[in-house]
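Student: For the sequence shown, the numbering used here puts the final residue at 1532, and the numbers step up evenly by one.
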Amino acid sequence: MSESKLTASVVLYNTPKNQISSLFNSVINSKCVEIFYIIDNSPNDKWRILQEEYADCGTKIRYIHNANLGYGASHNLAMHEAIDAGSVYHVVLNPDIYFDQNVLPELILFMDKNTDAGYVLPKVIYPDGELQYLCKLLPTPFDLIFRRFLPKSWGAKRNDRYCLKSSGYDKVINPPCLSGCFMFMRLATLKKNNIFFDDGYFMYCEDFDLIRRLHRIAKTLYYPDVTIVHNHARESYKSKKMLVAHIRSAVRYFNKFGWVFDKERRVMNRKILGEIEE
1255 MSESKLTASV VLYNTPKNQI SSLFNSVINS KCVEIFYIID NSPNDKWRIL
1305 QEEYADCGTK IRYIHNANLG YGASHNLAMH EAIDAGSVYH VVLNPDIYFD
1355 QNVLPELILF MDKNTDAGYV LPKVIYPDGE LQYLCKLLPT PFDLIFRRFL
1405 PKSWGAKRND RYCLKSSGYD KVINPPCLSG CFMFMRLATL KKNNIFFDDG
1455 YFMYCEDFDL IRRLHRIAKT LYYPDVTIVH NHARESYKSK KMLVAHIRSA
1505 VRYFNKFGWV FDKERRVMNR KILGEIEE
């Protein structure tokens, strides 16, 4: 087992107890997380009790209840504290995931061996075992906005390309865009290059933004030899409020990096497509 220090964080907002229990069991049973930051943006602080419930679990529970700053800004609080605490790696977790006890120790060893990597995402599946295609090209406006309102069949081939399905999802690859449901990152790389979440996003697209900036100076890897389960609810497909938040974030993303003219997107996408086809 590596001696590298690992911390973790999750943002809660009226999160159901069963999700919290599954995630906590996953983190604690891994026996390698030194501090678990609980950023609670709920209207009340009822989950402060978690500090007492898990007081003797071997992992320090750091509970922070504050105004709802947004997903990325909340995780930034934890990452800055983790850096001050001397952590080597930090994993940003969605509350709707769970995993076996071997996952985090194996990812530590993988990152210890791959010192040029700043980020790693394991294989992600639904609870029924279906694979989630979470490796992506840098998105175009069509990928993030327009396809949301069109029948799936109209853009199926384009979507397969966007999700890099031709890679097979059975080997290590270095995409410029990956899901933020489970973000295992090297803190020294973030600190040295001042790469953290952009607080301007309230929810959605903050992961694409961070990983894109990180990909400029380090590898952002997909590693399929370990697996996590993501019980993804796709809230923006169920709630008009979340859909509006998603669109606003997408607009911010394209205003920042470019809508039609985005040279970096073209270069990074060509590179990963070329690597997959080799």
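The beta-carbon is built from N, C-alpha and C at its ideal position, and this holds for glycine as well.
Let's test the definition: count the other Cβ atoms within 10 Å of the Cβ of T1369 and tell me whether it reaches 16, buried, or not, exposed.
Tutor: Exposed, since its Cβ has fewer than 16 Cβ neighbours within 10 Å.
Student: In angstroms with no decimal places, state the Cα-to-Cα distance between V1265 and H1334.
Tutor: Going by the C-alpha atoms only, they are around 15 Å apart.
Student: Apply the 10 Å Cβ neighbour rule to E1307 and answer buried if 16 or more other Cβ atoms are within range, or exposed otherwise.
Tutor: Under this definition E1307 is an exposed residue.
Student: In whole angstroms, give me the CA-to-CA distance for N1413 and C1311.
Tutor: Near 43 Å, if we compare the C-alpha coordinates of C1311 and N1413.
Student: Using C-beta distances below 7 Å, list every residue in its chain close to K1419, excluding the 5 sequence neighbours before and after it, in chain order.
Tutor: Within the same chain, K1419 has close Cβ partners Y1387.
Student: Answer yes or no: do S1258 and I1362 have a C-beta to C-beta separation smaller than 8 Å?
Tutor: Contact flag set, yes.
Student: Between N1356, V1378, V1345 and L1392, which lies nearest to R1519 when the distance is taken from Cα to Cα?
Tutor: If we check each option's Cα against that of R1519, L1392 comes out closest.
Student: Determine the closest residue to K1445 out of S1280, V1342 and Y1380, with distance taken between C-alpha atoms.
Tutor: K1445 has its Cα closest to that of V1342, out of S1280, V1342 and Y1380.
Student: Report the start-end ranges of each alpha helix (DSSP H) in the segment 1388 to 1463 that is 4 residues or longer and not cut off at the edges.
Tutor: As far as the segment 1388 to 1463 is concerned, its whole alpha helix (DSSP H) runs of at least 4 residues are 1395 to 1398, 1410 to 1416 and 1441 to 1447.
Student: Can you give me the Cβ contacts of D1294 inside the same chain, cut-off strictly under 6 Å, excluding the 5 residues immediately before and after it?
Tutor: If we look at D1294 and ignore the five residues flanking it on each side, its Cβ neighbours are L1266, W1301 and H1319.
Student: From which residue to which residue does the alpha helix (DSSP H) around L1497 run?
Tutor: Per DSSP, L1497 belongs to the alpha helix (DSSP H) from K1494 to F1511.
Student: Suppose you measure from the CA of W1408 to the CA of R1401; what does that come to, to the nearest Å?
Tutor: Each residue's alpha carbon lies about 8 Å from the other.
Student: Leaving out the 5 sequence neighbours to the left and right, which residues in its chain are closer than 6 Å to K1377 when beta-carbon positions are compared?
Tutor: Cβ neighbours of K1377 beyond the five flanking positions: P1478 and T1481.
Student: Rounding to the nearest angstrom, what Cα-Cα distance links V1281 and F1353 in this structure?
Tutor: Rounded to whole angstroms, V1281 to F1353 spans 8 Å at the Cα level.
Student: Run the proximity test for A1410: is its beta-carbon closer than 7 Å to any non-hydrogen atom belonging to the ligand FAD?
Tutor: Ligands are entirely absent from the displayed structure, and the ligand FAD is therefore not among its contents.
Student: S1328 to Y1507, Cα distance in whole Å?
Tutor: The straight-line gap from Cα to Cα measures roughly 19 Å.
Student: Would you decide whether V1514 is buried or exposed? Buried here means 16 or more other CB atoms lie within 10 Å of its CB.
Tutor: By the 10 Å Cβ count, V1514 comes out exposed.
Student: Just list the residues that DSSP pairs S1263 with in beta bridges.
Tutor: Paired residue(s): Y1291 and V1346.
Student: Between N1272 and P1381, what straight-line distance do the alpha-carbon atoms span, to the nearest angstrom?
Tutor: Rounded to the nearest angstrom, the two C-alpha atoms are 14 Å apart.
Student: Tell me the rounded alpha-carbon separation between I1449 and G1372.
Tutor: Distance between the alpha carbons of I1449 and G1372: 11 Å.
Student: Do A1262 and F1290 have their C-beta atoms within less than 8 Å of each other?
Tutor: For A1262 and F1290, yes; Cβs fall inside 8 Å.
Student: At 3 residues or longer, and completely inside the segment 1292 to 1317: list those beta strand (DSSP E) runs for me, N to C.
Tutor: Counting only runs of 3 or more, we get nothing.
Student: Look at the alpha carbon of S1503 and the alpha carbon of N1348, and state the distance between them as a whole number of angstroms.
Tutor: Near 18 Å, if we compare the C-alpha coordinates of N1348 and S1503.
Student: With DSSP run on the structure shown, which of helix, strand or coil describes H1334?
Tutor: The answer is helix: DSSP assigns H1334 an H, G or I state.
Student: Using the three-state DSSP reduction, which class does S1490 fall into: helix, strand or coil?
Tutor: Since pLDDT at S1490 reaches only 46, below the 50 mark, its modelled position is unreliable, and the value read off the structure follows with that caveat. Of the three classes helix, strand and coil, the one that applies to S1490 here is helix, per DSSP.
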